[in-house]
Structure formats: C-alpha cells, structure tokens
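All remarks here apply to the structure that follows.
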Amino acid sequence: MLLRAHFAWSEIYLKRAIVVGSGAGGATVAKELQGAFEVTVLEAGREFRPFTADLSLVGKFRKSGLLFDERMIRFLFPAMKVRKSSGELIIVNGSGAGGTTTICTANGIRRDQCLKEIGINLDKEFEELEREVPLSDDHRRHWNAGTKRVFEICREMGLDPVPSPKLAYRNRCAACGRCIFGCRRGAKWDSREFLNVAMERGAKLLSGCRVKRVFADGGEVYGVEVAGSVRFGFLPADLVVLAAGGLGTPVILRESGFECEDRLFVDPMLCVATKWEGVGQDQEIPMPFIVQREHFMVSPYFDYLSFFFNRQWKYSSPDIYSMMVKLADTGSGSVTGKKITKGLNEIDRSRMNEGVSLCMEIFRRLGREEGDMFLGTINAGHPGGMLPLTGKEATTFHHDWLPQNLYVADATLFPESLGNPPILTIMAMAKRIGRICAALA
Ligand SMILES: Cc1cc2nc3c(=O)[nH]c(=O)nc-3n(C[C@H](O)[C@H](O)[C@H](O)COP(=O)(O)OP(=O)(O)OC[C@H]3O[C@@H](n4cnc5c(N)ncnc54)[C@H](O)[C@@H]3O)c2cc1C
Ligand code: SF4
Numbered sequence: 021m022l023l024r025a026h027f028a029w030s031e032i033y034l035k036r037a038i039v040v041g042s043g044a045g046g047a048t049v050a051k052e053l054q055g056a057f058e059v060t061v062l063e064a065g066r067e068f069r070p071f072t073a074d075l076s077l078v079g080k081f082r083k084s085g086l087l088f089d090e091r092m093i094r095f096l097f098p099a100m101k102v103r104k105s106s107g108e109l110i111i112v113n114g115s116g117a118g119g120t121t122t123i124c125t126a127n128g129i130r131r132d133q134c135l136k137e138i139g140i141n142l143d144k145e146f147e148e149l150e151r152e153v154p155l156s157d158d159h160r161r162h163w164n165a166g167t168k169r170v171f172e173i174c175r176e177m178g179l180d181p182v183p184s185p186k187l188a189y190r191n192r193c194a195a196c197g198r199c200i201f202g203c204r205r206g207a208k209w210d211s212r213e214f215l216n217v218a219m220e221r222g223a224k225l226l227s228g229c230r231v232k233r234v235f236a237d238g239g240e241v242y243g244v245e246v247a248g249s250v251r252f253g254f255l256p257a258d259l260v261v262l263a264a265g266g267l268g269t270p271v272i273l274r275e276s277g278f279e280c281e282d283r284l285f286v287d288p289m290l291c292v293a294t295k296w297e298g299v300g301q302d303q304e305i306p307m308p309f310i311v312q313r314e315h316f317m318v319s320p321y322f323d324y325l326s327f328f329f330n331r332q333w334k335y336s337s338p339d340i341y342s343m344m345v346k347l348a349d350t351g352s353g354s355v356t357g358k359k360i361t362k363g364l365n366e367i368d369r370s371r372m373n374e375g376v377s378l379c380m381e382i383f384r385r386l387g388r389e390e391g392d393m394f395l396g397t398i399n400a401g402h403p404g405g406m407l408p409l410t411g412k413e414a415t416t417f418h419h420d421w422l423p424q425n426l427y428v429a430d431a432t433l434f435p436e437s438l439g440n441p442p443i444l445t446i447m448a449m450a451k452r453i454g455r456i457c458a459a460l461a
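Under this note's numbering, residues 21 to 461 are what the sequence shown spells out, in order.
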C-alpha cells in the first residue's frame, strides 16, 4: 500500500530543480529543463527596469564634478552593478531578471573555437538558437555618416570589418544608442524572453533571492541556502544548476566547499576617442561593426561610463567618436566573496597597446589630429573561466569531483576568454547542459 502511494506521488510530482541566476545561462537552462523538472529560478536581483532619464541631462550634471566614481552609476540605474578589482579594473554586470543580457549591446556572435578544440560541437544548439532569437546584421541604414566613413577606412586598411549580428527586432529599433541602459522599445532581445517561456511552461521565478551555498551529502546536493531580502533559509532541490555568472558562480562554489581555479578572465575594454563635432555617435546603434584581430577586437562604441566619469571626456556627447578595443585577456585572477583579484599583466598591456595604436591610425586616416584624441577608462563585462571545461568533460559538461546533481551553466566553464561577446555561446552551451540535466529526471 505504502509502495503504491510512493509510485503515485512520483508520477504526479516532478523532481525539483533550482536554477541560480536568470541571465544568458540560467534562463536558457530553465527553458530546457522545465517539464522534465519543476524548475525554480533564484535570482539575486529584482525586476529589471530600463533607465529612462534624458542622458543629455546626466551629461550636463557630470560637469558639476559630483560624478567621480563609476560605482555611483547604481544610484542612477540600479540594474547596472559596477565593482573595482584589485588591479583597478572597472567590472560591470547586470543584476536583476535577465542578468547582464538586459544591459548588453545586443551582439549575438558565435565564438566557440575554444570549445571545439576540446571536442565540443554545439552546431545543433546554435542552429536552434538562430530559430529562437532575432538575429540580424541588416542595420546599415541606421549608421550615421561618421560610422560609414570609419567602416570604409577599416576596409581600405584591409581590416575586414563586418556588420555585427544583433539580437534585436529590427523593425522596433530606433537606433537610439541606449542599449546598455535597457531598451525602452522592447526592440532588444534579452534572456527574460526565455525566462517567460519557462514560466509559461510552469517554472517559478523568485527574485531578491541570493544563493549563498549549496548543501551536499554523500556526493549529492539536496538544496541551497538563500539569503535574500525577501527570502532566506533552506530550499530543497533534487538538481541544482549554477548560472550566477562568471563572478557569481565561483563564489557559490567556494562557499559550498568546492574549489575553483584562479583563472578569471574579464575581457577588458578600453575606448580610444576623438573630438568630432556633430558626429552623433551617442545616438546610433552601439558596436555597429566589428574588426577581429588575433587577441582583440575593435568596434565603434560610445562609452557612457567614460563619458560620465572620466574627466578627459570633456566634450559634449554628440561631438565624440569612440572605438573600443576589447581584449581576450590571459586568464589569471579570481573572485572570492566580494573581492575581485584581477589586473592586466604585461601580455595584456602590450595587446591593449596594439589595439589602441590601431584605433589611432584609423582616426589619423580620418584626418583627426592626435591632440584631439583621448582614452577612456578600462572596464570589463565578460567574466568567466574559473571552472574551465577540458576534453575530459566534453560529453558530460560535469566535473567528476562535483556532486553528481550539481551543474554549472555559464561562462565559468569556458576554457579561455572569447575576447568577444559571449551571450550566444553561453546560451548554446547552456542548452546542451539543460538537456543533459533533463535526462537525469
Ligand atoms: C555593458 C555590457 C554590455 C554587454 N554587451 C554584450 C553583447 O552585446 N553581447 C554579448 O554577447 N555579451 C555582452 N555582454 C556580456 C554578457 O551580457 C554576459 O557575459 C552574459 O550575460 C553572461 O551570462 P550569464 O548567464 O553567465 O550571467 P548574467 O547574465 O550576468 O546572469 C547572472 C545572474 O545571476 C544573478 N546572480 C548572481 N549571483 C547570484 C546568487 N548568489 N544568487 C542568485 N542569483 C545570483 C545575477 O543577479 C544575474 O542576474 C555585455 C556585458 C556588459 C556589462
Ligand atoms: S538602439 Fe535603442 S531601440 Fe535599438 S535595441 Fe538599442 S536601446 Fe533598443
């Protein structure tokens, strides 16, 4: 009788999965898992709201001198979290439903070479994603005359510039240039769309829920400890997937007694800017095209953090044209608790200098004077690498020293920095991991 009751119970009730984080990795896993498991997504941040204030007013306010530390951005825009690393790097990420995808510049680029090298083929997952998310590089009509000219110069220099594929509904995009403040028109895709699909299928989202650690016994996890402003205490689970991002997941692992490797990468980014009266880059699609080099990429990008907080950015926003150099940095650094240990080493610096020289040469060919050029503040927003996959985990996506029902599904798993926008590659990987986990039900 008792046995029969047990069978009836397990047929009616699904096993419980907790997914930690609702960004690129977490939302994708939740969507794949719901149905096989009863999924609860635990998100430390709150509901995401775009920053809607007039940016030119903030631009005027910076002249008061009261904006002097990038971390103050949270007073204007709480969804953007800025921290400083030991090596004085400004580290940026999103906090809230949708994670960092809500403040991204909408680039959807496949960069899975380092995964292929260890025997991971995600072709099927990328093909599916192409059907599930809007992805288009058909936005040249929105480029302003300055960007068109810079594109031509890059072409003449043999740099093979390529229009960036954008995760956006083109017909809704007003090319306003505010992507990093969240899209007010619903034109930019972000991972809340996958989260909504998961919730329509029955998943739950608990926001304001920070996971401190996972509990394990006998090689299996059985729940998590939550310490949020809304909920706290123990939540039981039959499966836990950590997707709290490259800075969040290693902290939870370490708090739970599982070691990570001190191989943090962050993809540092530095902008080279020039005075260019009336060019209006502040009001066009950010990163409209990309030039790929061996260790870095270059792309036009109006850097609002530098504009607000860096005194060298003294011109008004429509009169600045800026190009970012984004590095694939060497993976050395770590995050423990609230402390991020990360700086640029000699190799990183020399690669960054190479990128800066390239941007200055582009500007010289445009006829800009060297005296009109200035640099931004180095910032970074693509953390990962502290639990890298190797060929050994190429099929399982699971490190055998972790409890058998504990998985990671974010850039923490990347063997090295992509030096490029990682959302699409994180999602392809998370899709596979979601399916592997679904088979455990
Ligand atoms: C300004 C900016 C622009 C960017 N633009 C692009 C772009 O155009 N294209 C691109 O591909 N990439 C871009 N990126 C990078 C990209 O957004 C991130 O790399 C990606 O979103 C990471 O996905 P994730 O799932 O690993 O983490 P996230 O998307 O950061 O999500 C992690 C989530 O986990 C939550 N969390 C953290 N700790 C806990 C905890 N203990 N408990 C519960 N929840 C927790 C966080 O609040 C967050 O919501 C950009 C980054 C920045 C900063
Ligand atoms: S440019 Fe403006 S309208 Fe277009 S996706 Fe970005 S924020 Fe939305």
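From the three backbone atoms N, C-alpha and C, an ideal C-beta is built for every residue, glycine too.
Since we're looking at a predicted model, the values are computed, not measured.
Beta carbon of residue i: closer than 7 Å to some heavy atom of ligand 1?
i: S463; result: Because residue 463 is not part of the residues shown, which for the chain are 21 to 461, the question remains open.
i: N216; result: no
i: V102; result: no
i: T125; result: yes
i: R221; result: no
i: A44; result: yes
i: R230; result: yes
i: T410; result: no
i: V428; result: no
i: G119; result: yes
i: G41; result: yes
Residue i lies in the alpha helix (DSSP H); which residues open and close that run?
i: C280; result: Counting along the chain, C280 falls outside any alpha helix (DSSP H), and DSSP gives it neither H nor E.
i: Y324; result: Y324 to F329
i: K224; result: That residue, K224, is in no alpha helix (DSSP H); its beta strand (DSSP E) goes K224 to S227.
i: S76; result: L75 to F81
Along the beta strand (DSSP E) that carries residue i, what are the first and last residues, could you check?
i: Y341; result: I340 to L347
i: Q312; result: F309 to Q312
i: L426; result: L426 to V428
i: R233; result: V231 to D237
i: T416; result: No beta strand (DSSP E) contains T416, which DSSP labels as neither H nor E.
i: E240; result: E240 to A247
Do residue i and ligand 2 come close, with the Cβ less than 7 Å from some heavy atom?
i: I129; result: no
i: F161; result: Note on identity: in this sequence residue 161 is Arg, with Phe being the wrong assignment. It does not: the Cβ of R161 is nowhere closer than 7 Å to a heavy atom of ligand 2.
i: G300; result: no
i: I443; result: no
i: D205; result: At residue 205 the sequence reads Arg, which differs from the Asp that was named. Checking every heavy atom of ligand 2 against the Cβ of R205, one is found closer than 7 Å.
i: G266; result: no
i: R69; result: no
DSSP three-state label for residue i, please.
i: K51; result: helix
i: E381; result: helix
i: R36; result: strand
i: L22; result: Unreliable placement is indicated for L22, whose pLDDT of 43 sits below 50; the coordinate value is still reported in the next sentence. Of the three classes helix, strand and coil, the one that applies to L22 here is helix, per DSSP.
i: N440; result: coil
i: R452; result: helix
i: T397; result: coil
i: L290; result: strand
i: I200; result: helix
i: T356; result: strand
i: S319; result: strand
i: T72; result: coil
i: S30; result: With a pLDDT of only 47 at S30, under the threshold of 50, the placement of this residue in the model should not be trusted; the figure read from the coordinates follows. Note: S30 maps to helix in three-state DSSP.
Please look up how many angstroms separate the CB atoms of residue i and residue j, rounded, as I've assumed it's under 8 Å.
i: A431; j: F146; result: Actually they do not touch by this definition, with Cβ atoms about 16 Å apart.
i: V39; j: A50; result: 5 Å
i: A44; j: S211; result: 5 Å
i: V112; j: N330; result: Going by Cβ atoms, the distance from V112 to N330 rounds to 14 Å, so no, they are not a contact pair.
i: P181; j: R175; result: 6 Å
i: K35; j: F57; result: 5 Å
i: A306; j: G375; result: First, the residue type needs correcting, since residue 306 is Pro and not Ala in the sequence shown. In fact, because the Cβ distance is near 18 Å, the residues do not count as touching under 8 Å.
Cβ of residue i versus every heavy atom of ligand 4: is any distance shorter than 7 Å?
i: H402; result: Among the ligands in the structure shown, ligand 4 does not appear; only ligand 1 and ligand 2 can be found there.
Strictly by DSSP, which residues pair up with residue i?
i: R103; result: I111
i: S156; result: K186
i: E304; result: None; E304 has no bridge partner.
i: E5; result: A query on residue 5 cannot be resolved here, the shown segment of the chain reaching from 21 to 461 and no further.
i: P256; result: G243
i: L262; result: V40 and V428
So with Cβ pairs under 8 Å, would you call residue i a contact of chain C?
i: Q332; result: Protein chain content of the structure displayed is limited to a single chain, and chain C is not contained in it.
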